[in-house]
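UniProt numbering numbers the first residue of the sequence shown as 1 and each following residue consecutively.
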Amino acid sequence: MQKLTVNLWMQGNAEEAGQFYASALPQARTEIESRYPTEGLLDFQQPFAGKALTVSLWVRETKITMINAGGEFSPNPSISIILCFNADDRASLESTWTALMEGGSALMPLDSYPFSARYGWVTDKYGVSWQLMESDEPVAVAESVIPSLMFGGEAQNRAAEAIEFYGQVLGAQLDSAFPYGQATESATAEALMFAQFTLGDDCVAAMDSAVPQDVSFTPGVSLEWPCADQAEIDRIWQALSAVPEAEACGWLTDRFGVSWQIVPENMGELMERPDAFEHMLSMKKLVIDEF
């Protein structure tokens, strides 16, 4: 059962993006999950009064959340989403690539590579990055939509450290790891060319960039982790948060620069309480009893 959710910061166009992805991506659908209230907003949020706040996108039953917000942040390739396709589903891969390339750009062209007979990396017109990959082995639905963390910039060569740390804090389990074996422009020989780990039932990929990057992790793409109770929120917040000035409304930034949203499992229910949105705006770490 999915627990980890990728959240995409959209610049006022989450509804439009949801419709685009619903038509562009395989087995996808979208809906507005929540709306901004009409009162209790901060000044910069006033233009969003009554409009969509979060738009849900399901791709092969994996949920991705788009946050309708301003121009403060935008997605970048430091966190991309891998879509895996079976070898007999190449037509779907090709059509998905064509759709995402409309107004987008290729970071790695769709082609044959040593690790995949058909692979491409594209940033779409909304700035979201997708890796499309054909697999020789049958792909389970639960493992066909995978967030991928690329450690570059200030986080260069820290992928293995991050996976170990997420194991200590969140129970991550390393499934596979492939070091470069020899140094590249920016990666050491011991750095990870590719690794896969699990957080609960969710697969996550990680890699150290082989070339220098001028982008790294930002709140443009964040990872949402639900907690069973306040004690779990407190423990994870204390362990993960490394940038006090980045703490706001349940958001934090960890030691690697990755943004997380640490939320109660019943967040949807809490947000239905009177003035819940206004209460949330006053918090850094979310406190269930203060909703």
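All residues carry an ideal CB built from backbone N, CA and C; glycine is no exception. Owing to the predicted nature of the structure, the values given are computational and were not obtained by experimental measurement.
- In the structure shown, the three-state DSSP call for F115 is coil.
- Cβ contact annotation for S135 (same chain, cutoff 6 Å, sequence separation greater than five): C84, in chain order.
- For M101, the secondary structure class from DSSP, reduced to helix, strand or coil, is coil.
- Pairing A183 with P75, the inter-Cα distance amounts to about 28 Å.
- Ranked by Cα distance from F256, the first of N13, A162, E278, E16 is A162.
- Per DSSP, reduced to three states, the secondary structure at G120 is strand.
- DSSP assignment within the segment 49-103 yields the following whole beta strand (DSSP E) runs of 3 residues or more, N-terminal first: 52-59, 62-69, 79-86.
- Around the Cβ of P274, a 10 Å sphere holds fewer than 16 other Cβ atoms; the residue is exposed.
- Runs of the alpha helix (DSSP H) lying entirely within the segment 134-187, each at least 4 residues long, are 159-170 in chain order.
- Annotation: the continuous alpha helix (DSSP H) that includes R235 extends over 230-240.
- L270: member of the alpha helix (DSSP H) spanning 267-270, first to last residue.
- Across the set E290, E269, L41, the C-alpha of E269 shows the shortest separation from the C-alpha of E33.
- The closest CA to that of M66, considering only D229, A231, G171, V221, is found on V221.
- By the criterion of a C-beta distance shorter than 7 Å, D175 is surrounded in its chain by Q196, F197, T198, once the five residues flanking it on both sides are discounted.
- Rounded to whole angstroms, P138 and E247 show a C-alpha spacing of 41 Å.
- Here N7 is bridged, per DSSP, to T65, S222.
- Membership of E15 in the alpha helix (DSSP H) is indicated by the continuous run 14-24.
- Taking the C-beta atoms as reference points, V287 is found no nearer than 8 Å to L240.
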